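S.K.: Numbering (my numbering), first residue to last: 30 to 94. Where a beta carbon is used, it is the ideal one built from N, C-alpha and C, also for glycine. Here the structure is a predicted model, which is why all the values come from computation and not from measurement.
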Amino acid sequence: MKIIINSKETETQAQTLQALAEELALPKSGVAVAKNQQMIHREDWGETALAENDNILIIKAACGG
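Structure follows, in structure tokens:
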């Protein structure tokens, strides 16, 4: 299915946010994810289904100033 990740159209086979995180090899901590402008807690990623044209925003924490 096609979804939008950080403003870029992307093809994925992932059915949940957790599967998408694994597909993208996201780190185990320091990452926040929003689906259609709603933040999703990490513990809910496994139950959060993805659908065609969902808009996903991934924010990774960075050190520095």
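Nearest to E40 by CA position, among E51, I87, M30, is which residue?
M.R.: M30
S.K.: Classify A90 as helix, strand or coil using the three-state DSSP reduction.
M.R.: Looking at A90 - three-state DSSP - the assignment turns out to be coil, as it is neither helix nor strand.
S.K.: Assuming K57 and T77 form a contact by the criterion Cβ under 8 Å, report the distance between their Cβ atoms to the nearest whole angstrom.
M.R.: No, K57 and T77 are not in contact; Cβ-Cβ is about 17 Å, not under 8 Å.
S.K.: Mark A50 as exposed unless 16 or more other C-beta atoms lie within 10 angstroms of its C-beta, in which case mark it buried.
M.R.: buried
S.K.: Looking only at its own chain, which residues have a Cβ that is under 6 Å from the Cβ of A90, when we skip the five neighbours before and after it?
M.R.: G59
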